[in-house]
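> The sequence shown begins at 27 in this note's numbering and counts up one residue at a time. A virtual CB, placed ideally from N, CA and C, is assigned to each residue, including glycine. Structure provided below as structure tokens; questions to follow.
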Amino acid sequence: MHIGNVYAMLGAWLSAHAGDGSESGKVLLRIEDVDEPRSVKDADKWIMDDLHWLGLDWDGEPVYQSQRTEIYEEALQALKSVGVEDVTSADAVSKGSSTSADFPLVYPCFCSRADLRAATAPQEGDRFLIYSGTCRRLLAECPNEVRSRLEEGRRHSWRIAVPEEGSQGSIVTFDDRVFGHQRFDLPLQVGDTVIRRSDGIFSYQLAVVVDDLLMGVNDIVRGRDLLRSSALQVWIRRALIASGFAAEYGIGIDGTIAENGKTRTVRGENAGRGFGDSSDGGAASAVNPAHAHLPLIDDPSGIRLAKRKHSLDIGALRANGVKPEQVIGYCAWLLGVRPPDRVHDLDTSAPIAMSAREALHCFTFDDIRADNSDRILAPNWTDEVDRPENGSVA
Ligand SMILES: [Zn+2]
């Protein structure tokens with residue numbers, strides 16, 4: 027892990043445990059190793075070891091995406107069974123009024139990497155490639171050609187289609203606890219997206235939505251570079267519900283999960299506070315999760331931490347004698363935690379070493395929302411983290 031991962035994990039941990047304690051949420055650990063060839067051996071063990079060291083605990087056993095391929099395959103098959111309009115008018119599908127003219131929700135894409143590069147507008151900051159729609163047009167205009175290519179066994183990926191520009195359901199909105207109301211035009215800003223690659227690997231975008239739904243995730247905290255992915259994931263989540271996949275697993279469209287014959291409502295500490303999609307009434311649930319996207323962190327030279335140097339890895343910091351409370355304290359400070367000091371004349375505008383439990387007393391998303399600009403890591407940040415002598419910060 028690097029300091030940016032700790033920052034995001036701490037944000038999720040604090041969000042789950044914040045509140046009056048009567049309805050504290052759970053933190054779920056998922057190892058996103060769906061791309062097995064690229065996964066580093068034992069990375070999961072290092073991550074869990076770092077989390078233990080940091081005192082960031084989680085509930086239950088970790089879930090490994092590499093063991094869930096059959097579930098993603100099931101999801102793909104369910105999505106193949108419906109059309110775009112089945113998703114945009116979810117009422118219609120339950121009434122059985124789906125039309126044969128409806129464009130398939132999922133279609134094969136035969137484009138090579140080179141085709142995609144040639145046909146696509148320059149990438150935006152979050153590396154989102156908006157697909158030009160070559161194979162969508164091919165299917166609309168020459169369905170027989172598509173059929174024969176599939177029969178020939180031509181190499182292809184599978185894309186999920188989004189609604190056409192200006193059509194019903196083409197705009198996705200959700201409320202973000204840090205960046206406020208979000209509105210995305212799916213065809214213009216997201217486009218049809220690969221959910222299974224031509225090498226057979228399921229994409230991050232499909233796998234996380236399937237897992238979030240089935241794991242009952244109702245509170246998502248992560249970097250703001252994933253805001254646009256969240257819009258796409260709202261669409262995929264809707265599609266998994268409209269296709270009947272979610273119902274197969276007992277997940278009702280009102281956010282309930284059937285469990286041991288009983289129905290339990292999946293709501294977190296944010297239920298009823300209006301954090302979810304305002305168009306759906308607001309309560310956070312597995313089908314309508316709350317979102318909080320965090321400012322990103324740059325290293326002192328202005329480079330995104332994702333492209334960091336290994337000196338910022340937790341392993342290197344541990345080897346250099348840095349204490350977990352220093353790492354947590356600094357990340358909490360980046361998350362806007364400013365503890366009032368009741369004992370000392372500490373400068374509370376400076377980072378203070380603390381545990382995650384201590385940070386919990388002073389954490390609120392309002393502070394991040396008040397200043398949601400990207401963070402810059404100080405060059406010698408570990409030296410800046412103070413510790414009150416009696417150890418109490420809250
Ligand atoms: Zn294509």
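What whole-angstrom Cβ distance do R185 and C135 have, given they're in contact under 8 Å?
Sequence index remark: in the sequence shown, residue 185 carries index 159 (1-based). Sequence index remark: in the sequence shown, residue 135 carries index 109 (1-based). Yes, R185 and C135 are in contact; Cβ-Cβ is about 5 Å, under 8 Å.
> Under a three-way DSSP split, which group does R185 fall into?
In the sequence shown, counting from the first residue as 1, residue 185 sits at position 159. R185 falls in the strand class under three-state DSSP.
> With DSSP as the reference, label Q208 as helix, strand or coil.
Walking along the sequence shown from the start, residue 208 turns up at place 182. Strand at Q208.
> Per the contact definition of three or more C-beta pairs closer than 8 Å, is the segment 394-413 in contact with the segment 55-75?
The segment 55-75 vs the segment 394-413: no contact.
> Given a cut-off of 8 Å on the beta-carbon distance, is the pair A18 and N244 in contact?
Outside the displayed range of the chain (27 to 420) lies residue 18, so it cannot be described from this structure.
> Short of 7 Å in beta carbon distance, which residues of its chain neighbour R263, apart from the five on each side in sequence? Order them along the chain.
Indexing the sequence shown from 1 puts residue 263 at position 237. Cβ within range, chain order: V235, L239, V313.
> Name the two residues that bound the continuous alpha helix (DSSP H) containing D245.
On the sequence shown, residue 245 is found 219 positions in, with the first residue counted as 1. First-last for D245: 245-249, but that is the beta strand (DSSP E), not the alpha helix (DSSP H).
> For G226, which option in E99, G249, S269, R139 has the closest C-alpha, if you only look at C-alpha atoms?
What you label residue 226 is simply residue 200 of the sequence shown in a count that begins at 1. Answer by Cα proximity: E99.
> Would you say the beta carbon of F436 comes nearer than 7 Å to a heavy atom of ligand 1?
Nothing can be reported for residue 436: it is not among the residues displayed for the chain, which extend from 27 to 420.
> Going by Cα to Cα distance, which pick from A342, D324, Q91 is closest to R250?
As a first step, residue 250 must be located in the sequence shown, where it is residue number 224. Among A342, D324, Q91, the Cα nearest to that of R250 belongs to D324.
> For ligand 1, I want to know if C388 counts as a neighbour, meaning its beta carbon is within less than 7 Å of at least one of the ligand's heavy atoms.
As a first step, residue 388 must be located in the sequence shown, where it is residue number 362. False, no ligand heavy atom lies under 7 Å from that Cβ.
> Use the C-beta contact count for D83: other C-beta atoms within 10 angstroms, 16 or more gives buried, fewer gives exposed.
Sequence index remark: in the sequence shown, residue 83 carries index 57 (1-based). Exposed: under 16 other Cβ atoms inside 10 Å.
> With 16 as the cutoff for other CB atoms within 10 Å, does I29 come out buried or exposed?
Walking along the sequence shown from the start, residue 29 turns up at place 3. So I29 counts as buried.
> Quick one: grab the DSSP three-state call for C135.
Indexing the sequence shown from 1 puts residue 135 at position 109. In this structure, C135 counts as strand in the three-state DSSP scheme.
> Under DSSP, the alpha helix (DSSP H) around D237 begins and ends at which residues?
By one-based count along the sequence shown, residue 237 stands at place 211. Element bounds for D237: 230-241.
> Taking Cβ positions, are G362 and D393 nearer each other than 8 Å?
Looking up residue 362 in the sequence shown gives position 336. Looking up residue 393 in the sequence shown gives position 367. Going by C-beta atoms, G362 is nearer than 8 Å to D393.
> To the nearest angstrom, report how far apart E191 and R401 are at their CA atoms.
For this step, residue 191 is matched to residue 165 along the sequence shown. For this step, residue 401 is matched to residue 375 along the sequence shown. Approximately 36 Å, taken between the alpha carbons.
> For ligand 1, is there any heavy atom lying closer than 7 Å to the beta carbon of T160?
Within the sequence shown, residue 160 is the residue found at index 134, counting from 1. Yes; taking the cut-off as 7 Å, the Cβ of T160 has a heavy atom of ligand 1 nearer than that.
> Can the beta-carbon of Q194 be found closer than 8 Å to that of S115?
Translated into the one-based positions of the sequence shown, residue 194 becomes position 168. Translated into the one-based positions of the sequence shown, residue 115 becomes position 89. Going by C-beta atoms, Q194 is nearer than 8 Å to S115.
> Reducing DSSP to helix, strand and coil, say where A297 ends up.
Residue mapping note: residue 297 aligns to position 271 of the sequence shown, counting from 1. With a pLDDT of only 35 at A297, under the threshold of 50, the placement of this residue in the model should not be trusted; the figure read from the coordinates follows. It is coil, neither helix nor strand.
> Do V110 and P189 have their C-beta atoms closer together than 8 Å?
Counting from one through the sequence shown, the residue named residue 110 turns up at place 84. Counting from one through the sequence shown, the residue named residue 189 turns up at place 163. Cβ distance < 8 Å, so V110 and P189 count as in contact.
> I'd like to know whether the C-beta atoms of L214 and A257 end up nearer to each other than 8 Å.
Reading the sequence shown from its first residue, position 188 is the one you call residue 214. Reading the sequence shown from its first residue, position 231 is the one you call residue 257. Cβ distance not < 8 Å, so L214 and A257 don't count as in contact.
> Please state whether the Cβ-Cβ distance between L80 and V113 is less than 8 Å.
Taking the first residue of the sequence shown as position 1, residue 80 is located at position 54. Taking the first residue of the sequence shown as position 1, residue 113 is located at position 87. Contact: no.
> DSSP on R344, reduced to helix/strand/coil?
As a position in the sequence shown, residue 344 is number 318, starting the count at 1. Three-state DSSP puts R344 in a helix.
> Rounded to whole angstroms, what is the Cα-Cα separation between L165 and L266?
In the sequence shown, residue 165 corresponds to position 139, counting from 1. In the sequence shown, residue 266 corresponds to position 240, counting from 1. C-alpha separation (whole angstroms): 22 Å.
> Pull up the distance between the alpha-carbon of A318 and that of H207, whole angstroms please.
Residue mapping note: residue 318 aligns to position 292 of the sequence shown, counting from 1. Residue mapping note: residue 207 aligns to position 181 of the sequence shown, counting from 1. Each residue's Cα considered, the two are about 11 Å apart.
> Quick one: what does DSSP say V60 is sitting in, helix, strand or coil?
Stepping through the sequence shown from its first residue, residue 60 is reached at position 34. Three-state result, V60: coil.
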